[in-house]
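Here the structure comes first, spelled out in structure tokens, and everything after it is commentary.
Residue numbers (the UniProt record's numbering), protein chains in the order written: chain A, 1 to 387; chain B, 1 to 387.
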């Protein structure tokens with residue numbers, strides 16, 4: 001949040017800041033670590049002016065030279081507004097500074113390819129900072145199985161019921177099922193795209209994206225008009241991982257973009273989780289490998305997810321399993337109980353022989369078992385009590 | 001292996017040793033840690049004589065007082081022979097001393113309930129020491145699902161194909177499926193029982209046990225005539241865990257005896273593994289909990305099992321997944337490649353703008369991509385090469 005000339009906090013960044021960041025998003029293909037650092041050092045307005053004039057270190061010019069002549073910031077902001085979208089900048093109260101801090105920390109540690117975004121194009125009725133406060137990423141294969149889509153939808157539904165926002169990538173398969181599960185629960189879901197918000201991609205999910213935007217969010221760092229590309233999905237994955245507390249991979253083949261998101265989440269120090277499946281399913285191979293390599297924690301339910309990210313759920317899905325009545329018995333009492341028969345009675349001597357428990361102990365244990373309702377006397381000796 | 005009066009090694013223990021151990025197996029209900037230590041200190045013949053006369057420490061008398069009058073050793077050995085069984089004692093070459101050492105070590109560390117057996121009743125054509133040299137336990141729920149039984153059978157089949165012996169408990173469900181999988185592969189399987197070898201239990205598996213005995217082994221520490229009992233299955237589980245290098249739980253409910261075997265295997269320092277399944281299946285809950293709690297390593301195949309127990313399999317089940325052709329490209333080359341179109345050509349300037357890669361780099365990368373077969377020149381500029 002910035003302050004105005006009187007030092008009062010305000011919710012929105014001034015227009016020149018927004019224009020400068022819109023320009024910077026346009027001239028550099030993310031992630032642009034040198035540019036991000038340059039903006040951090042000079043502020044967005046001065047940084048933009050310097051880049052435009054070519055007065056920046058070589059590393060910054062490398063990232064920006066191809067497009068720095070482009071003066072499309074105003075057009076991009078107008079275009080976005082026409083699509084019902086806005087540019088959220090770090091100077092806004094809506095900026096998700098806390099979850100994205102992980103990107104700066106990892107970049108500072110020397111991790112490549114995870115520089116923080118310069119700003120984010122956002123469309124939808126939710127506030128990005130609020131959605132990202134308690135958020136889980138649910139991602140997975142496009143070529144998902146019915147099991148995977150069902151599991152993703154159920155998991156997302158339950159997470160939304162637990163007041164968590166669910167982030168995903170709007171792809172076919174697991175991503176779409178996760179978004180739909182949240183919508184069914186009336187919760188908040190966010191789709192983070194690897195293309196401009198107006199790209200209409202994937203084509204079959206345009207309606208879904210519109211529904212997501214009603215109560216949730218559609219997010220991208222790519223300016224209007226940017227087409228989807230494979231490298232952009234990989235770059236986008238750092239935002240899905242960065243904006244959430246943890247990432248759940250629901251289904252993933254041996255090679256899968258979802259595993260890339262999981263690896264990025266791990267690099268960022270976020271929690272990585274994976275859902276198991278039938279061992280014969282090729283779409284669970286990636287999840288099983290993540291779990292086997294201890295790169296992900298197995299989760300089988302929303303409660304598992306909440307436990308793993310460290311928040312206790314208010315209401316457990318299932319009560320603990322019932323104890324068998326004899327669970328409280330010691331080993332010798334258990335053996336004596338086992339040595340009794342349901343119908344015919346046995347003498348303490350017979351019980352001692354059958355159970356291997358010394359006769360004196362048997363004589364002491366039988367009345368104790370009777371008191372606890374496990375044994376009863378009959379004409380021919382002792383027998384097991386009917387339950 | 002013992003030595004005869006000339007100091008020559010011999011394969012079989014003398015008759016008095018076998019008689020003494022048969023007597024000791026009859027008088028104490030396993031596990032009998034005090035008796036095991038007493039036998040270790042005095043040797044089986046003297047220990048048996050002292051126990052019979054009541055001249056033993058209280059701890060030993062506690063374990064043996066109920067039955068020490070029983071002089072059934074000769075009858076038990078005759079009875080066993082009539083059923084085609086034998087008593088294997090630690091003085092025999094066939095004794096699986098090395099794997100069972102884990103029981104002594106754990107008992108020495110103060111772990112309760114895992115004392116080594118005094119001897120083992122064995123029926124079948126295989127040698128117990130050889131079977132236990134490279135052995136895996138495959139266990140699981142009696143109330144197994146078709147998925148679980150199928151997975152257990154396939155896993156056991158593949159392990160048997162890798163020359164490993166598969167141990168299990170002959171129960172309905174997973175145990176039976178594991179034994180049958182090995183029999184289908186013509187391998188060696190061993191059933192370890194919680195009752196006498198002649199108990200005919202479980203009734204529906206008498207035929208299966210006969211087939212197991214043909215080329216494999218049926219094993220028990222309980223004398224002929226001992227009926228099955230719940231506590232005996234728990235006690236038996238330490239032998240399944242102890243005789244193998246690792247235990248695989250294929251299916252287990254939230255409460256399951258298979259989890260007891262897994263816990264015992266962990267206590268003994270053996271490898272514990274679990275097979276995942278669909279998250280909606282109640283019979284996979286126990287496996288998922290074991291994996292989630294890091295009490296077991298996830299295994300999805302026989303190769304996973306072999307990797308986990310530390311032996312590399314000679315032949316991998318599946319070749320590594322194929323690499324995509326563009327995997328070898330650097331990030332800038334990948335972005336340039338993505339910026340090309342399949343049909344119409346693009347100028348280097350257009351490619352630079354679209355990819356965000358500096359024009360000078362684009363001019364250098366395009367010919368390099370051409371050399372590697374990723375790009376080609378056409379009348380209108382550069383386009384993606386057809387693969």
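We put the beta carbon where it would ideally sit given N, CA and C, even for glycine.
**Prompt:** Quick one: does residue 356/A have its CB under 8 angstroms from some CB of chain B?
**Reply:** Walking along the first chain from the start, residue 356/A turns up at place 356. By this cut-off, residue 356/A is an interface position.
**Asked** Can you give the Cα-Cα distance for residue 340/A and residue 358/A, rounded to whole angstroms?
**Response** Against the first chain, residue 340/A aligns to sequence position 340. Against the first chain, residue 358/A aligns to sequence position 358. The C-alpha of residue 358/A is placed about 15 angstroms away from the C-alpha of residue 340/A.
**Message:** Helix, strand or coil for residue 168/B? Go by DSSP, reduced to three states.
**Reply:** Walking along the second chain from the start, residue 168/B turns up at place 168. Note: residue 168/B maps to strand in three-state DSSP.
**Inter-residue CB distance, residue 160/B and residue 185/B (contact presumed, cutoff 8 angstroms)** = The residue labelled residue 160/B in the question sits at position 160 within the second chain. The residue labelled residue 185/B in the question sits at position 185 within the second chain. Yes, residue 160/B and residue 185/B are in contact; Cβ-Cβ is about 4 angstroms, under 8 angstroms.
**Item:** Interface residues of chain A facing residue 335/B [CB-CB closer than 7 angstroms]
**Value:** Start at 1 with the first residue of the second chain, and residue 335/B comes out as number 335. Ordered by position in chain A, the residues that pass the 7 angstroms Cβ test against residue 335/B are 29, 231.
**Prompt:** Around the Cβ of residue 293/A, are there at least 16 other Cβ atoms within 10 angstroms (buried) or fewer (exposed)?
**Reply:** In the first chain, residue 293/A corresponds to position 293, counting from 1. Result: exposed.
**Asked** Can you list, in chain order, the stretches of the beta strand (DSSP E) that have 3 or more residues and sit fully within the UniProt domain "DprA winged helix" (320-378) of chain B?
**Response** If we require 3 residues or more, the beta strand (DSSP E) runs fully inside the UniProt domain "DprA winged helix" (320-378) of chain B come out as 375-378.
**Message:** I'd like to know whether the C-beta of residue 338/B is nearer than 8 angstroms to at least one C-beta of chain A.
**Reply:** In the second chain, counting from the first residue as 1, residue 338/B sits at position 338. Yes, because at least one Cβ of chain A sits closer than 8 angstroms to the Cβ of residue 338/B.
**Prompt:** Do three or more CB pairs link the stretch 213-222 of chain B to the stretch 119-133 of chain B at distances below 8 angstroms?
**Reply:** Judged by Cβ distances under 8 angstroms, the stretch 213-222 of chain B makes contact with the stretch 119-133 of chain B, as three or more pairs qualify.
**Asked** Can a CB atom of chain A be found closer than 8 angstroms to the CB of residue 2/B?
**Response** For the purposes of this step, residue 2/B is taken as the residue at position 2 of the second chain. Because residue 2/B sits at a pLDDT of 48, beneath the cut-off of 50, its placement in the model cannot be relied upon, and the point is left open.
**Asked** Which residues in the same chain as residue 179/B place their Cβ atom closer than 7 angstroms to its Cβ, once the five residues preceding and following it in sequence are excluded?
**Response** For the purposes of this step, residue 179/B is taken as residue 179 along the second chain, with counting starting at 1. Within the same chain, residue 179/B has close Cβ partners 168, 170, 189, 191, 208, 212.
**Request:** Pull up the distance between the alpha-carbon of residue 274/A and that of residue 332/A, whole angstroms please.
**Result:** In the first chain, residue 274/A corresponds to position 274, counting from 1. In the first chain, residue 332/A corresponds to position 332, counting from 1. The straight-line gap from Cα to Cα measures roughly 43 angstroms.
**Asked** At least one CB of chain B closer than 8 angstroms to the CB of residue 67/A: is that the case?
**Response** As a first step, residue 67/A is located in the first chain; it is residue number 67 there, counting from the start. For residue 67/A, the answer is yes, since a Cβ of chain B falls inside 8 angstroms of its Cβ.
**Item:** Start and end residues, beta strand (DSSP E) containing residue 220/A
**Value:** As a working note, residue 220/A is residue 220 in the first chain. Element bounds for residue 220/A: 217-220.
**Asked** Does any CB atom of chain B fall closer than 8 angstroms to the CB of residue 304/A?
**Response** Locating residue 304/A in the first chain gives position 304, where the first residue counts as 1. Yes, its Cβ sits closer than 8 angstroms to a Cβ of chain B.
**Prompt:** What is the DSSP secondary structure of residue 162/B, reduced to helix, strand or coil?
**Reply:** Taking the second chain and counting its residues from 1, one reaches residue 162/B at position 162. Correct three-state label for residue 162/B: coil.
**Item:** Inter-stretch contact (C-beta, 8 angstroms, three-pair minimum) for the stretch 243-252 of chain A and the stretch 132-143 of chain A
**Value:** Contact between the stretch 243-252 of chain A and the stretch 132-143 of chain A is established, with three or more Cβ pairs separated by less than 8 angstroms.
**Asked** Shortest alpha-carbon distance to residue 21/A belongs to which of 55/A, 68/A, 62/A, 175/A?
**Response** By one-based count along the first chain, residue 21/A stands at place 21. When 55/A, 68/A, 62/A, 175/A are compared, the shortest CA-CA separation from residue 21/A is found for 68/A.
**Prompt:** What's the call for residue 283/A, buried or exposed, on a 16-neighbour Cβ count within 10 Å?
**Reply:** Locating residue 283/A in the first chain gives position 283, counting from the first residue. It is buried - the Cβ of residue 283/A has at least 16 other Cβ atoms within 10 Å.
**Request:** Starting from the Cα of residue 463/A, find the closest Cα among 276/A, 238/A, 280/A, 285/A and give me that residue.
**Result:** Nothing can be reported for residue 463/A: it is not among the residues displayed for chain A, which extend from 1 to 387.
**Request:** Verify the CB distance criterion: does residue 347/B have a CB-CB separation below 8 angstroms to chain A?
**Result:** Here residue 347/B corresponds to residue number 347 of the second chain, with the count starting at 1. For residue 347/B, the answer is no, since every Cβ of chain A falls outside 8 angstroms of its Cβ.
**Prompt:** Expressed to the nearest angstrom, what Euclidean distance is found between the alpha-carbon atoms of residue 199/A and residue 93/A?
**Reply:** Within the first chain, the letter at position 199 stands for residue 199/A. Within the first chain, the letter at position 93 stands for residue 93/A. Straight-line measurement puts the Cα of residue 93/A at about 27 angstroms from the Cα of residue 199/A.
**Chain-ordered residues of the stretch 274-292 of chain B with a beta carbon less than 7 angstroms from chain A** = Per Cβ criterion, the list reads 275, 276, 277, 278, 279, 288, 291, 292.
**Asked** For residue 369/A, which residues of its own chain have a beta-carbon under 7 angstroms away from its beta-carbon, when the five flanking residues on both sides are left out?
**Response** The count along the first chain starts at 1 and reaches residue 369/A at position 369. Listed in chain order, the non-local C-beta contacts of residue 369/A below 7 angstroms within the same chain comprise 333, 336, 337, 375, local neighbours out to five positions each way being set aside.
**Prompt:** When you compare only the Cα positions, how much space is there between residue 75/A and residue 85/A?
**Reply:** Indexing the first chain from 1 puts residue 75/A at position 75. Indexing the first chain from 1 puts residue 85/A at position 85. So the alpha carbons of these two residues sit roughly 13 angstroms apart.
**Item:** CB contact flag (residue 115/B, residue 31/B, <8 angstroms)
**Value:** Translated into the one-based positions of the second chain, residue 115/B becomes position 115. Translated into the one-based positions of the second chain, residue 31/B becomes position 31. It is a contact, given that the beta carbons lie within the stated cut-off.
**Prompt:** What are the residues of the stretch 201-234 of chain A that lie near chain B, defined by any Cβ-Cβ distance shorter than 7 angstroms?
**Reply:** Here the close residues are 229, 230, 231.
**Request:** Please go through the stretch 216-284 of chain B and give each complete beta strand (DSSP E) segment of 3 or more residues, from N-terminal end onward.
**Result:** Correct list: 217-220, 246-249, 271-274.
**Prompt:** Should residue 35/B go down as buried or exposed, given a rule of 16 or more other Cβ atoms within 10 Å for buried?
**Reply:** Position 35 of the second chain, counted from the start, is the residue given in the question as residue 35/B. Of the residues assessed, residue 35/B falls on the buried side of the cut-off, its CB having 16 or more other CB atoms within 10 angstroms.
**Message:** I'd like to know whether the C-beta of residue 147/A is nearer than 8 angstroms to at least one C-beta of chain B.
**Reply:** As a position in the first chain, residue 147/A is number 147, starting the count at 1. Interface with chain B (8 angstroms Cβ-Cβ cutoff): residue 147/A is included.
**Request:** Work out the CA separation of residue 13/A and residue 95/A for me, nearest whole Å.
**Result:** In the first chain, counting from the first residue as 1, residue 95/A sits at position 95. In the first chain, counting from the first residue as 1, residue 13/A sits at position 13. The straight-line gap from Cα to Cα measures roughly 11 angstroms.
**Request:** Report buried or exposed for residue 195/B, applying the criterion of at least 16 other Cβ atoms within 10 angstroms of its Cβ.
**Result:** Here residue 195/B is taken as the residue at index 195 of the second chain, counted from 1. Classification for residue 195/B: buried.
**Request:** Answer with yes or no whether the minimum CB distance from residue 151/A to chain B is below 8 angstroms.
**Result:** Stepping through the first chain from its first residue, residue 151/A is reached at position 151. Closer than 8 angstroms to the CB of residue 151/A there is at least one CB belonging to chain B.
**Prompt:** What does residue 62/B touch in chain A if you count any residue whose Cβ is under 7 angstroms from its own?
**Reply:** Numbered from its first residue, the second chain carries residue 62/B at position 62. Here the neighbours are 358.
**Asked** So is residue 267/B in contact with chain A if we call contact Cβ pairs under 8 angstroms?
**Response** Start at 1 with the first residue of the second chain, and residue 267/B comes out as number 267. With 8 angstroms as the cut-off, residue 267/B does not count as an interface residue toward chain A.
**Where residue 181/B falls, given that 16 or more other Cβ within 10 Å makes a residue buried** = Numbered from its first residue, the second chain carries residue 181/B at position 181. By the neighbour-count definition (other C-beta atoms within 10 Å, threshold 16), residue 181/B is a buried residue.
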